[in-house]
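Q: Heads up: the sequence shown at position 268 corresponds to 840 in the numbering used here, and the numbers run straight through without jumps.
Even for Gly, the Cβ is constructed at its ideal location relative to N, Cα and C.
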Amino acid sequence: MNKPDRLRPKLVDPRGVLHQRMTATSPGYGRFWPDEDLAPFVEHLWTVAWDLEVPTVSEVLAHPSVQLVVERDASAVAGVFTGRFVRRLEGSGRVLGVKFLPGGFRPFLDGPVSALTDRRLSLTEIFGSAADDLERRALAAPGPEQAFAVIQEFLRARRPVAREAIGLVGRIVERAANDRGITRVAQLVAGSGLAPRQLQRLFDEYVGVRPKWVIQRYRLHEAAERIAASPEHDWAELALELGFADQAHFVRDFRRFVGSTPAAYARSLPR
């Protein structure tokens, strides 16, 4: 697959972002591809910068990925967030981040990735005193490329080893993300060569959430995308297409994670 330009200055309406509204003062989003030696672990490097006259709220249905975030006085490693991530942005600011591939953070961690799920830990809690200077050096860099060079050198110094399991996890998660016919864990098991319990243990160790959660999350991403593209739907039909048992189950899960029913979400979108 061909990679885009190294920096994508404003990624509009990325998958998982809810209630997306873009204006002249919306937060700017840039994306870099990692250096080749870190590509087995890192999906991409990202930066968000904002200078807002009016505060805005960012809402995201997170992916099954660990994130390393560099932000003044708030740098951290964030595990997979199973709910809806909500953050209020106001004034001006900048955040640098590393989105790890599913399973890609395991070599940097002394234990299963599930220990990070729904948690945000300081860099020193994860990396020890070696991380003390990372925030200062990265934020002092004159631009994103220089900042990400600092962050990548820090990760490189941890000497991660690309394990075969990371590639296996990546292929399984990619199937769940891109094959809209995947609606049950049994389908992932069938294509993985693993027994059901082996798959569960693999995801606990490397991803941090269960395979069922991953499938559900990507189907909810798809639901939000389809509603944004066209607010008029037969909800019962959409529920079946996305693999839910019925409309009631779909509405319940959508409301639980998105915060509103599909119909209310459709009405809330800008037109």
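(1) Tell me whether D825 sits in a helix, a strand or coil according to DSSP, three-state version.
(2) Where A795 and G651 are concerned, what is the direct C-alpha to C-alpha distance, given to the nearest angstrom?
(3) So which of Q770, L792, G753, E608 has the shortest CA-CA distance to V741?
(4) So what does DSSP say about L771, is it helix, strand or coil?
(5) For the alpha helix (DSSP H) containing R798, list its first residue and its last residue.
(6) So W618 is in the beta strand (DSSP E); what residue range does that whole segment cover?
(7) Whose C-beta lies closer than 6 angstroms to the C-beta of A596 among residues of the same chain, with five residues either side of it excluded?
(8) Is the beta carbon of V757 less than 8 angstroms from the beta carbon of P674?
(9) Find the nearest neighbour of R789 within the set A734, D623, R752, L610, judged by alpha-carbon distance.
(10) Three Cβ pairs or more, each shorter than 8 angstroms: is that satisfied between the stretch 622-631 and the stretch 724-731?
(11) With distances taken from CA atoms, which of F775, P684, V638, V632 is nearest R660?
(12) Can you tell me the Cβ-Cβ gap for T619 and L668, rounded? I've got them flagged as a contact below 8 angstroms.
(13) With C-beta atoms as the reference, is S637 less than 8 angstroms away from F613?
(14) By DSSP, does L693 sit in helix, in strand, or in coil?
(15) Within the continuous beta strand (DSSP E) that includes A648, where are the two ends?
(16) Rounded to a whole number of angstroms, what is the C-alpha to C-alpha distance between T654 and D825?
(17) Name the two residues that bound the continuous beta strand (DSSP E) containing R603.
(18) Quick check: the Cα distance between L841 and I799, rounded to an integer number of angstroms?
(19) Where does V626 sit, in a helix, a strand or coil, going by DSSP?
(20) Given a cut-off of 8 angstroms, decide if R644 and F829 are closer than it, judged by their beta-carbon atoms.
(21) Exposed or buried, H821, counting other C-beta atoms within 10 Å across all chains shown (16 or more means buried)?
(22) List, from N- to C-terminal side, the beta strand (DSSP E) runs of 3 residues or more that fit wholly inside the stretch 639-682.
(23) So what does L633 bridge to, in DSSP terms?
(24) Please state whether the Cβ-Cβ distance between A634 and L693 is less than 8 angstroms.
A: According to the data block:
(1) Helix.
(2) Their Cα atoms are separated by approximately 24 angstroms.
(3) Checking every option, the nearest Cα to that of V741 belongs to Q770.
(4) Of the three classes helix, strand and coil, the one that applies to L771 here is helix, per DSSP.
(5) Where R798 is concerned, the enclosing alpha helix (DSSP H) starts and stops at 783-801.
(6) Following the DSSP letters along the chain, one finds W618 inside the beta strand (DSSP E) bounded by residues 614-623.
(7) Confidence in A596 is poor, its pLDDT being 39 and thus under 50, which makes the residue's placement unreliable; the coordinate value appears in the next sentence. If we look at A596 and ignore the five residues flanking it on each side, it has no Cβ neighbours.
(8) Contact flag unset, no.
(9) Comparing alpha-carbon positions, the option among A734, D623, R752, L610 lying closest to R789 turns out to be R752.
(10) The answer is no - the stretch 724-731 does not touch the stretch 622-631, with fewer than three Cβ pairs under 8 angstroms.
(11) For the options F775, P684, V638, V632, the alpha carbon positioned closest to that of R660 is the one of V632.
(12) Going by Cβ atoms, the distance from T619 to L668 rounds to 5 angstroms, so yes, they are a contact pair.
(13) No, they are not a contact pair.
(14) L693: strand per DSSP, three-state reduction.
(15) Residues 648-650.
(16) Between T654 and D825, the C-alpha separation is close to 12 angstroms.
(17) Run containing R603: 600-604, per the beta strand (DSSP E) assignment.
(18) Whole-angstrom Cα-Cα distance: 9 angstroms.
(19) Here DSSP, grouped into helix, strand and coil, assigns V626 to coil.
(20) No, the Cβ-Cβ distance between F829 and R644 is not below 8 angstroms.
(21) Exposed, since its Cβ has fewer than 16 Cβ neighbours within 10 Å.
(22) The qualifying runs are 639-642, 648-650, 656-661, 664-672.
(23) L633 is bridged to R656.
(24) The answer is no: Cβ separation not under 8 angstroms.
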